[in-house]
Amino acid sequence: MARLHRVGRLRRGYRPRQVEAALAAVEQALAEGRPPSAGEVRRLGFDLVRHGYDVVAVDRALDRLELRCLERSMAGSPPWQVSDELARDLADLRVLLAGPPGARLPRAGLLRKGYAQHDVDALLDRLLDDLETASRALGSGASVVEPGLRVEEVRLAVFGRRRRGYAERGVDEVLDRAVDLLLRRDLLSLLLGAPVRTPEPLAEAEPSAVLGHDGSALGQTG
């Protein structure tokens with residue numbers, strides 16, 4: 031199990047007992063050959079308490095476990111099958127997001143604020159274009175996949191807020207699917223011997239609550 035540390039006594043972190051139980055359960059499931067899905071790991075939630083475990087460290091440990099679970103789920107599947115599934119799921123996402131800009135996802139209630147449509151649409155456009163490019167490259171046997179949107183950029187996404195913007199739940203669900211698609215893109219690239227060319231690393235930042243594990247409403251960013 032990953033070694034974790036607590037934050038100061040006046041700061042808030044994840045409830046240790048919940049974190050330890052969750053990490054142990056996932057590790058045991060992996061050891062027994064029945065790993066949870068990557069999405070189940072990604073959606074784990076914990077209470078925030080004083081002197082809890084450092085949020086950034088726990089989220090990173092969960093990211094690593096998520097990747098291990100995804101790798102295990104893909105093990106034994108021929109590359110062509112993984113590629114076909116990725117292309118199919120990408121096509122499904124395109125259908126979901128086929129609406130015009132500003133109207134691709136459900137909007138917040140009349141008197142409520144949501145995510146600024148322009149900010150969300152810009153990220154979604156980039157996501158779809160990059161995944162389409164990667165899918166075509168992998169399908170054609172490319173030796174290297176050019177850098178595109180990184181998983182960290184989705185995990186750390188921050189959007190402006192405006193009245194009657196996109197409802198948080200709908201955006202969070204789409205970003206959850208985006209992370210899954212990007213992770214599968216990267217693993218498939220390695221499986222085919224066509225790794226994604228690594229761009230400049232992102233600056234260190236606190237993880238966005240979009241895909242955090244604090245048990246609060248996902249997506250409270252910006």
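With this note's numbering as the guide, the letters of the sequence shown map in order to residues 31 to 252. Where is the CB? At the ideal position from N, CA and C, for every residue including glycine.
- For the set D151, V204, Q48 and A68, the Cα lying nearest the Cα of D77 is the one of Q48.
- Rounded to whole angstroms, the separation of the alpha carbons of Y44 and R199 is 22 Å.
- L78 sits in a strand when the DSSP states are folded into three classes.
- Judged by pairs of C-beta atoms under 8 Å, the region 106-126 does not touch the region 78-87, as fewer than three such pairs exist.
- Exclusion of the five residues before and after G38 leaves H81 as the residues of its chain whose Cβ lies within less than 8 Å of its Cβ.
- Each of R180, K143 and E57 was checked against the Cα of F189, and the nearest Cα belongs to K143.
- The beta carbon of V209 lies closer than 7 Å to those of R72, V181, V184, R185 and L241 in the same chain, with the five residues before and after it left out.
- Excluding residues up to 5 positions away in sequence, R137 and A138 lie with their Cβ nearer than 6 Å to the Cβ of R194 in the same chain.
- For G200, the uninterrupted alpha helix (DSSP H) run begins and ends at E198 to L221, by DSSP.
- Listed in chain order, the alpha helix (DSSP H) runs fully inside the region 91-130 are 109-126, counting runs of at least 4 residues.
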